[in-house]
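Residue numbers (our numbering): 32 to 156.
Glycine is no exception: its CB is placed at the ideal position from the N, C-alpha and C atoms.
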C-alpha cells in the first residue's frame, strides 16, 4: 500500500466535517427561512456559506487529498490532444452512418424472423 493511501486524519478533522455539514445545513435552512427576502441576498448568503464550507473542508486530510487530485487531474487534461472541429465532425458522421446501417440490418433481420415464424405458425406478420 502506498504512503498516500494511509489514513492520516486527525480528531480535529471530525470537528471540521461537522462544522462543514452545519454550514451547508445553515445555507439550506437560511434560504428556506428567509424565503420572503430578496433572491439576491439569499443567493449571496448561500454562496458565502458554501465557499466557507468548501474552504474548511479543504483543510481536512480528505479535502487536501481531493484538492491535490483535482490539481493533478487538471494537469493531465492539459496534456490531452483534443481533436479539431473537422475531425470531431467526421467522427460524428461516421458514428451516425454506422448506427443507421446497424439499425437497418437489425430491422431487416427482425422482419426476416417475423416472416419465418409466420410460415410455421400461420400468424401474419
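Please list, in chain order, all residues of the same chain as residue i whose beta carbon is under 7 angstroms from its beta carbon, the five residues on each side excluded.
i: residue 61; result: 76
Could you check which residue in the options has the C-alpha nearest to that of residue i?
i: residue 41; options: 146, 95, 127, 91; result: 91
i: residue 57; options: 100, 138, 84, 46; result: 84
i: residue 114; options: 123, 71, 128; result: 123
i: residue 93; options: 47, 143, 146; result: 47
i: residue 55; options: 121, 66, 78; result: 78
i: residue 53; options: 81, 112, 105; result: 81
My guess is that residue i and residue j are in contact by the Cβ rule of under 8 angstroms, so how many angstroms apart are they, rounded?
i: residue 88; j: residue 51; result: 5 angstroms
Return the chain-ordered list of same chain residues with a C-beta closer than 8 angstroms to the C-beta of residue i, the five sequence neighbours on each side being excluded.
i: residue 95; result: 89
i: residue 98; result: 89
i: residue 33; result: Interpretation of residue 33 is limited by its pLDDT of 48, a score under 50 that renders its predicted location unreliable; the figure taken from the coordinates is listed afterwards. Answer for residue 33: no residue qualifies.
Any chance the CB of residue i is under 8 angstroms from a heavy atom of the ligand ADP?
i: residue 141; result: This structure does not include the ligand ADP; it has no bound ligands of any sort.
* Every unbroken beta strand (DSSP E) within the stretch 100-125, with a cutoff of 3 residues, ordered by chain -> none
* Starting from the N-terminal side, write out each stretch of the alpha helix (DSSP H) that is 4 residues or longer and does not extend beyond the stretch 44-105. => 70-88
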